[in-house]
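Chemist: Sharing a structure below in structure tokens format, with a few things to ask.
Number of protein chains: 2
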Amino acid sequence: MLAVQVVDYGKPWEVVRTMEATEPPSPPAGQLKVKLLAAPIHPADLLLMRGLYGKRPSLPVGMGGEGVASVVDVGEGTDFKRGDRVIIPYGHDTWADHLTISAKRAVKVPAGIDDAQASMAMINPFTARLMLTDFVELAPGEFVIQNAANSGVGRAVIAIAKARGLRTVNVVRRPELIDELKAAGGDVVLVDGQDLPKRVAEATGNAPIRLGFEGVAGEAMRSLTGTVAEGGTLVVYAGMSAQPAVAFPPHLIFRDLTIRGFWLIKWFRSADPRLVAEIQHEMLPLIADGSIKVPVEHIYPLSSAREAISHAARAKGKILFTAS
Amino acid sequence: MLAVQVVDYGKPWEVVRTMEATEPPSPPAGQLKVKLLAAPIHPADLLLMRGLYGKRPSLPVGMGGEGVASVVDVGEGTDFKRGDRVIIPYGHDTWADHLTISAKRAVKVPAGIDDAQASMAMINPFTARLMLTDFVELAPGEFVIQNAANSGVGRAVIAIAKARGLRTVNVVRRPELIDELKAAGGDVVLVDGQDLPKRVAEATGNAPIRLGFEGVAGEAMRSLTGTVAEGGTLVVYAGMSAQPAVAFPPHLIFRDLTIRGFWLIKWFRSADPRLVAEIQHEMLPLIADGSIKVPVEHIYPLSSAREAISHAARAKGKILFTAS
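Those sequence lines, one after another, are chains D and B.
Just so we're aligned: 189 in our numbering is position 189 of the first sequence, and the numbers increase by one with no gaps anywhere.
Just so we're aligned: 1076 in our numbering is position 76 of the second sequence, and the numbers increase by one with no gaps anywhere.
Next up, the structure:
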């Protein structure tokens, strides 16, 4: 079988290889052998290839953070059958034709969800969900604010917030996204700029916003910091501008703000598998009804790793792998 | 009597005035009439005059955040007598010849402390003490790290940390401060620079540093952020460089850092007076034995407000007021 590996740290399309790997044998009791249906290429994967991610494993190393697969062989004592579609549990290198996974930790995918959307059920939706629940206890109707509102996480925030009875203020850089994000369920959508705090206050009737999500860094972060209420929290989950994280010290000091980092990988390392399953079952209906939907640009077989990675580095929509 | 007021927002030496004010009458029961001995001019006072502080009171407004005074008249039912030196409680505009204060909230100053040092017993030492105790629970022997180590707060951090059995890593911009801050009790003193995290790790034997104090902002903050351990907290209490607060998003995200603002004025607004007194009694011995000592550059009468403020804006040591 084929698997995608990284053999060096550098430009992603230069350090990625498709390798021949040993196909897993028939699964032992409680395990499933699965064949990859779809696995996304995330910005974090490219960061890891560049050696700029939060972990820097020894090389060569398998890749891929999430995906959906089809059961091809079942170990004893499991509830699955051949052809079942499952979300690959956290902790596997998903860019491989076949994997052996724990039946207990595998979650079946409902029929109404296509492979591509199912393959992205974990990383971005979990990030959005946990940022909404694990930092500030919000009451129904409260606003949260985010920049990078058009990103995978941003769109998941809109959908999950709405499902939980919260409202969103969404900050974007391009005006043409306003209608699109409103259609996606964003309550307020604004273009970033110097007077952002004033426009946010107007659009929300001066509602205090106690929680913000920061995915851009740079000046966009300074701007967002000015919109969060006294005592509020800003959660930094990405720095898409590749600029430093920036805040205005008087905002931090006089308004008693908290800035926190959030990294899903760290959360997974100590997460209770029952909670993981619970959140997956909370996310799947939102994916099934189209509330969480990521535009897909192209799907490549694992044999075209370089082409896929090169495309992912410049794509607007998502690039996915499927089995070769 | 004379009192110093701000009549407009602008350049501090242009908007400050010495005014004739009504001297308070004999104090009612439980109150003391006091005469100012010394009151410092802090950077925060100059920020307020420029309209850049966390509060922007309607004008004209009295000024001065702390000070020491001599009792000149006592209300019934107090333990004080004429000539007692007291720390003026929080909440008074101290830049005035006379004040009426609550005897219950006044703290007597021990004989071994001079007026100038007694007048600065509150703002900087309280900031240092509360940052050391109210954000991260530290075990004896743990390191804290700070930049602006030569500031009033920075020197108080060194003294209070030592008194509490903690160790300090002190980051400065000028090499000539190294010996001085080591003599003041700093365990490690380093000059800021790109490889700061590496040098901190060497100097501390790779001890995890879970708490940092940030008083500079700009690149100095980015540098400091790299020295704080995974899960650690950076408390921002000032931005002396007048640059934005800057952090490296991967530090925040992958190392799960928390950045918090701290503003003493907000703390005082809801502080229990018994806790205030307790901390004052914890600070006074450190001032008495010279552990907390702020270099004084000049003392002006209240009648020379413009000259004093103008001097404070460019002084290296502290500028104080005394009664006219």
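Idealized CB from N, CA, C, for every residue including glycine.
Just so you know, these numbers come straight off a predicted model, no measurement behind them.
State buried or exposed for arginine 260 of chain D, treating a residue as buried only when at least 16 other CB atoms are found within 10 Å of its CB.
Modeler: Arginine 260 of chain D is buried by the Cβ-count criterion.
Chemist: Quick check: the stretch 296-315 of chain D against the stretch 1292-1300 of chain B, are at least 3 beta-carbon pairs closer than 8 Å?
Modeler: Taking 8 Å as the limit for Cβ pairs, the verdict is that the stretch 296-315 of chain D does not touch the stretch 1292-1300 of chain B.
Chemist: With distance defined between alpha-carbon atoms, name the residue in D:Val153, D:Ser151, D:Pro140 nearest to lysine 162 of chain D.
Modeler: If we check each option's Cα against that of lysine 162 of chain D, D:Pro140 comes out closest.
Chemist: Please go through the same chain and pick out, in chain order, the residues whose beta-carbon is closer than 7 Å to the beta-carbon of arginine 164 of chain D, but skip the five residues on each side of it.
Modeler: Closer than 7 Å at the Cβ level, and outside the excluded window around arginine 164 of chain D, lie Leu132.
Chemist: In terms of residue numbering, what span does the alpha helix (DSSP H) encompassing arginine 1222 of chain B cover?
Modeler: From DSSP, the alpha helix (DSSP H) with arginine 1222 of chain B extends over 1219-1225.
Chemist: What's the C-alpha gap between proline 197 of chain D and valine 172 of chain D?
Modeler: Cα to Cα, proline 197 of chain D sits roughly 14 Å from valine 172 of chain D.
Chemist: Could you name each continuous beta strand (DSSP E) segment of 3 residues or more that falls completely within the stretch 20-91 of chain D, going from the start of the chain to the end?
Modeler: The stretch 20-91 of chain D contains these whole beta strand (DSSP E) runs: 31-40, 68-74, 85-87.
Chemist: With a cut-off of 8 Å, does the C-beta of isoleucine 1158 of chain B fall near any C-beta of chain D?
Modeler: No, its Cβ sits nowhere closer than 8 Å to a Cβ of chain D.
Chemist: Counting only runs of 4+ residues fully inside the stretch 1197-1282 of chain B, write out the alpha helix (DSSP H) ranges in chain order.
Modeler: Qualifying alpha helix (DSSP H) stretches, in chain order: 1219-1225, 1249-1254, 1264-1269.
Chemist: Using a Cβ-Cβ cut-off of 8 Å, state whether tryptophan 953 of chain B counts as contacting chain D.
Modeler: With chain B covering 1001 to 1324 only, the question about residue 953 of chain B has no answer from this structure.
Chemist: Mind checking if tyrosine 90 of chain D is an interface residue toward chain B, Cβ cutoff 8 Å exclusive?
Modeler: No, because no Cβ of chain B sits closer than 8 Å to the Cβ of tyrosine 90 of chain D.
Chemist: Considering only residues of the same chain and omitting the five flanking positions on each side of aspartate 1073 of chain B, which have a CB-CB separation below 8 Å?
Modeler: Same-chain partners within the cutoff: Ser1026, Pro1027, Leu1032, Lys1033, Arg1082.
Chemist: Would you say arginine 1269 of chain B lies against chain D (beta-carbon separation less than 8 Å)?
Modeler: Answer no: the Cβ-Cβ gap between arginine 1269 of chain B and chain D never drops below 8 Å.
Chemist: Between B:Lys1055, B:Glu1180, B:Ala1183, B:Leu1130, which lies nearest to leucine 1211 of chain B when the distance is taken from Cα to Cα?
Modeler: Ranking the options by Cα distance to leucine 1211 of chain B, first place goes to B:Leu1130.
Chemist: Per DSSP, leucine 1320 of chain B forms a beta bridge with which residues?
Modeler: DSSP, once it has assigned bridges, lists B:Pro1040, B:Ile1299 as partnering leucine 1320 of chain B.
Chemist: DSSP on serine 119 of chain D, reduced to helix/strand/coil?
Modeler: Three-state DSSP puts serine 119 of chain D in a helix.
Chemist: Give the straight-line distance between the Cα atoms of alanine 121 of chain D and valine 1246 of chain B, rounded to the nearest whole angstrom.
Modeler: Distance between the alpha carbons of alanine 121 of chain D and valine 1246 of chain B is about 33 Å.
Chemist: Check the Cβ-Cβ distances between glycine 1239 of chain B and every residue of chain D, and say whether any is below 8 Å.
Modeler: By this cut-off, glycine 1239 of chain B is an interface position.
Chemist: Mind checking whether isoleucine 1160 of chain B and alanine 1128 of chain B have CB atoms under 8 Å apart?
Modeler: Yes. Within cutoff.
Chemist: Mind listing the chain B neighbours of phenylalanine 254 of chain D? Cutoff is C-beta to C-beta under 7 Å, in chain order.
Modeler: By Cβ distance, chain B contributes Gly1054, Trp1263.
Chemist: Which residue wins for smallest C-alpha separation from leucine 1036 of chain B, given the options B:Leu1048, B:Lys1104, B:Leu1099?
Modeler: If we check each option's Cα against that of leucine 1036 of chain B, B:Leu1099 comes out closest.
Chemist: Who are the Cβ neighbours of alanine 220 of chain D in its own chain at under 6 Å, not counting the five residues just before and after it?
Modeler: The residues are Asn147, Asp192.
Chemist: Taking C-alpha atoms, which residue in D:Ile309, D:Ile319, D:Trp267, D:His311 lies nearest to glycine 91 of chain D?
Modeler: Looking at the Cα atoms, D:Trp267 is the closest of the given residues.
Chemist: Using a beta-carbon distance below 8 Å, is alanine 118 of chain D in contact with chain B?
Modeler: So, not an interface residue.
Chemist: At which residue ranges does the stretch 1094-1173 of chain B contain complete alpha helix (DSSP H) runs of 4 or more residues, listed in the order of the chain?
Modeler: Runs of the alpha helix (DSSP H) inside the stretch 1094-1173 of chain B: 1115-1119, 1123-1133, 1152-1163.
Chemist: Cutting at 7 Å between CB atoms, please list the residues of its own chain near alanine 312 of chain D, excluding the five before and the five after it.
Modeler: If we look at alanine 312 of chain D and ignore the five residues flanking it on each side, its Cβ neighbours are Ile41, Leu46, Ile319.
Chemist: Closest to phenylalanine 321 of chain D by C-alpha separation, out of D:Leu275, D:Ala118, D:Pro208, would be which residue?
Modeler: Ranking D:Leu275, D:Ala118, D:Pro208 by Cα distance to phenylalanine 321 of chain D puts D:Ala118 first.
Chemist: Using DSSP with H/G/I as helix, E/B as strand and the rest coil, what is arginine 1017 of chain B?
Modeler: Note: arginine 1017 of chain B maps to strand in three-state DSSP.
Chemist: Per the DSSP calculation, glutamine 1005 of chain B is bridged to which residue(s)?
Modeler: DSSP output for glutamine 1005 of chain B lists B:Arg1017, B:Gly1062 as bridge partner(s).
Chemist: For leucine 1257 of chain B, which residues in chain D fall below 7 Å Cβ to Cβ?
Modeler: The answer, in chain order, is Gly261.
Chemist: How would you label threonine 1022 of chain B, buried or exposed, when you count the other beta carbons within 10 angstroms and need 16 or more for buried?
Modeler: The residue in question, threonine 1022 of chain B, is exposed, as its Cβ has fewer than 16 Cβ neighbours within 10 Å.
Chemist: What residues from chain B crowd round arginine 222 of chain D, counting only those whose CB sits closer than 8 Å?
Modeler: Ordered by position in chain B, the residues that pass the 8 Å Cβ test against arginine 222 of chain D are Pro1244.
Chemist: Do we get a CB-CB distance below 8 Å when we pair alanine 1021 of chain B with the residues of chain D?
Modeler: No, its Cβ sits nowhere closer than 8 Å to a Cβ of chain D.
Chemist: Residue range of the alpha helix (DSSP H) that leucine 181 of chain D falls in?
Modeler: 178-183 is the extent of the alpha helix (DSSP H) around leucine 181 of chain D.
Chemist: Spell out whether any CB of chain B is found under 8 Å from the CB atom of lysine 198 of chain D.
Modeler: It does not: the Cβ of lysine 198 of chain D has no partner Cβ on chain B nearer than 8 Å.
Chemist: Please confirm whether valine 1236 of chain B has its beta-carbon closer than 8 Å to some beta-carbon of chain D.
Modeler: Chain D, which has a Cβ nearer than 8 Å to the Cβ of valine 1236 of chain B, makes this yes.
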